[in-house]
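A short worksheet on the structure shown next.
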Amino acid sequence: MLKLKLFNHQTGEFQETVLDPNRQQSEVLIGRAASCDLVLDGADVSRVHGQIKFQQGDYCYSDLGSANGSRINNQAVQVHQSYPLKVDDLIRIGDFVLMVEAIEITAASGEASIWRKLSGERPIWAKGDLTVRCIRVTDETADVKTFTFVADPPVLFHYQPGQFVTLDLEINGESVLRSYSISSSPSRPHTLEITVKRVASSPDAPDAPPGLVSNWLHDQIKVGSRVKLSGPLGKFTCYPNPAKKLLLISAGSGITPMMSMSRWIADTGVDTDVIFFHCARTPRDIIFRQELELMAARLPSFHPVISVTRSEPGQPWFGFSGRLTDTMLHSIAPDFQDRTVYVCGPNGFMQNVKTLLESLHFPMSNYHEESFGSPKKAKPISPPPSSSFGEAHEPPPSLSSSPSSALSPSTKPAVFFAQSNQEVIDESAESILDLAEQAGIKIRSNCRQGVCGACKKRKLEGVVKYESEPDGLDREEQEAGYILTCVAAPVGRVVVEA
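Residue numbering for the sequence shown follows the numbering used here, beginning at 1156 and increasing consecutively.
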């Protein structure tokens, strides 16, 4: 038995199918004709395109002289040649991709089935909380590691290339949330990877604290470590229908969602021309350098271009140097006006790229940037004024513990936190999260930009307005009354379940 997942990136079609061609050396025909065992209704699919046959102990795929050919793992196959299949192989037929999910070979003697598989009957994880286990830690550069996870119990990871997950960690006795882009591709669903850069103190501010979570991951996560995560979230993706021409622009660890999209495009054989510009500090700091070079050698429509901002003694560099400029852009992508652009990197880098494109009258409707970056800092909470010895300390006038306290029409907006039984007056159009923190009410948060979804709470009464789109909520959550407190502000009186 051969278990396949079939999907079409053009139509969004997705289905699972089981083939059983091992009885008496029989075969399974694949094509557009209704007489085929597996019918693929596509213009680029021949009437009888290929076959899967069980022979000499293996399931093998053969192209039967189709008009447009077949590809296995993005490599063209020769006509009438048998190619043994293994779990996770990807067969490309026209716009259809068939992923080998599981293989079962039944012995002729009637013995128990021998399973050559990793997935079995794994459920699909597409949303929610999940505990994962680290199975591999890869040093990409001296200060960048890729952490590879599987789920316990096992699942198939389903997400869109370019999305992120939020880790829920306990560091120094406190719960800490942090979001990281997924660097792996959903076309390889058995594992999920994040790629993390160690954050050192800035030379300009050596006393500033380094990256808490990123450095903790580097120091603490080993093979066998378990981590809680949630997601996936984010709209920074070229899925499901990438443009015919893409220009990916990244700097530093901003390369991670770009690699997810690039790997997905390569694995599924999407007909897309990709120019991938990446800016690194030095040649030693180029993340995924060898893989980018290998993809360029194998894929004629994939063109990586690297620029470094610093020279390094003993490391000759013959590529571009410096940040992206007008001249450099015209050199690497003279047709950039015809491309859809994706940008990810430090905020300053992204702003410079955006300004450059705007100055060149680029159609910004084709511009996309990963808005999720370092969490916005919380507004400082002023401590209550100290009182003299013997003086009674009165609570701040903007706080009320009465849920039924009526607000006159002239009063300012307010939020009543139902579980904490406190009401806070909004004196200066602040977010509900800021108001909660002022009152000492703890709401879990992370990005403070409306992206990660960590701060969502149910609104029981009232109306809120958003300072930016609540991307961290899906439609079902919004219909259920959830709001993102980090970007929601009260309009009048609002009651929140917190």
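Note that the Cβ used here is the ideal one computed from N, Cα and C, for glycine as well. Owing to the predicted nature of the structure, the values given are computational and were not obtained by experimental measurement.
With burial defined as no fewer than 16 other Cβ atoms inside 10 Å of the residue's Cβ, what is the status of residue i: buried or exposed?
i	result
F1162	buried
S1417	buried
P1412	buried
Q1492	exposed
F1169	exposed
P1471	exposed
L1253	buried
I1536	The predicted position of I1536 is uncertain, since its pLDDT is 47 and thus under 50; a value taken from the coordinates is nonetheless stated next. Per the 10 Å Cβ criterion, exposed.
L1403	buried
L1615	exposed
P1489	exposed
D1294	exposed
K1352	buried
R1333	buried
R1630	exposed
A1452	exposed
G1167	exposed
P1278	exposed
S1405	buried
H1433	buried
G1197	buried
A1421	buried
R1439	exposed
P1552	Caution is warranted here: a pLDDT of 35 is assigned to P1552, below 50, making its placement in the model unreliable, and no coordinate value can be reported.
S1542	Note that S1542 has pLDDT 32, beneath the 50 cutoff, so the model's placement of it is unreliable and the number below is only indicative. Under this definition S1542 is an exposed residue.
A1257	buried
Kindly indicate which residue of the options has the alpha-carbon position closest to the one of residue i.
i	options	result
P1316	S1339, T1303, D1323, S1330	S1339
R1494	S1476, F1517, L1511	F1517
D1199	R1648, R1247, H1433, K1567	R1247
L1628	R1277, E1616, G1617, K1612	K1612
T1286	A1306, T1296, Q1445	A1306
S1520	V1496, P1501, F1504, N1502	V1496
L1219	S1237, N1228, D1213	S1237
G1647	S1583, Q1633, A1635	S1583
D1284	L1384, V1606, Y1637, I1376	L1384
L1159	K1399, H1433, E1171	E1171
A1573	Q1593, V1498, V1649, F1504	V1649
F1391	V1368, C1499, V1354	C1499
A1297	A1594, P1455, A1189, T1437	T1437
P1309	S1221, I1337, L1347	L1347
K1567	D1581, G1409, E1467	D1581
N1223	Q1230, Q1210, H1204	H1204
T1427	Q1445, I1442, E1446, K1399	K1399
E1624	P1341, R1381, G1389	G1389
L1324	Y1314, L1367, L1512, R1187	L1367
T1350	V1183, L1515, F1251, G1407	G1407
L1372	M1414, T1303, L1184	T1303
E1525	E1513, M1505, T1510, L1511	M1505
K1208	S1221, S1201, R1202, D1192	D1192
P1138	H1345, Q1633, R1478, E1513	Nothing can be reported for residue 1138: it is not among the residues displayed for the chain, which extend from 1156 to 1653.
M1156	H1164, P1387, V1173	V1173
Go to residue i, then tell me how far its beta strand (DSSP E) extends in each direction, as first and last residue.
i	result
D1213	1213-1218
Q1593	It is not in any beta strand (DSSP E) - Q1593 instead sits in the alpha helix (DSSP H) that spans 1587-1593.
R1436	Element bounds for R1436: n/a, residue is neither H nor E.
G1386	1381-1388
A1189	Unbroken run through A1189: none, as it is neither H nor E.
L1157	1157-1163
G1167	Per DSSP, G1167 belongs to no beta strand (DSSP E) and is neither H nor E.
Q1577	1577-1580
A1110	This structure does not reach residue 1110, given that the chain is present from 1156 up to 1653, and the question cannot be answered.
T1346	Counting along the chain, T1346 falls outside any beta strand (DSSP E), and DSSP gives it neither H nor E.
Considering just the uninterrupted stretch of the alpha helix (DSSP H) at residue i, what are its terminal residues?
i	result
T1423	1410-1423
F1504	1502-1514
Q1633	1630-1634
N1370	1367-1375
L1484	1481-1487
L1447	1444-1453
My guess is that residue i and residue j are in contact by the Cβ rule of under 8 angstroms, so how many angstroms apart are they, rounded?
i	j	result
L1245	C1215	Rounded, the Cβ-Cβ distance is 15 angstroms, inconsistent with contact.
Y1335	F1319	6 angstroms
V1570	V1651	6 angstroms
C1610	L1588	6 angstroms
A1644	S1586	6 angstroms
P1459	F1431	5 angstroms
G1249	L1322	Going by Cβ atoms, the distance from G1249 to L1322 rounds to 39 angstroms, so no, they are not a contact pair.
R1288	G1379	7 angstroms
V1255	V1242	6 angstroms
T1423	S1342	6 angstroms
S1217	S1201	Contact flag wrong, Cβ pair sits at about 13 angstroms.
A1653	S1575	6 angstroms
Item to complete: Scan the segment 1274-1319 and note each continuous beta strand (DSSP E) run of 3 residues or more that stays entirely inside, going in chain order.
Response: Unbroken beta strand (DSSP E) runs of no fewer than 3 residues, entirely contained in the segment 1274-1319, are found at 1283-1296, 1299-1306, following chain order.
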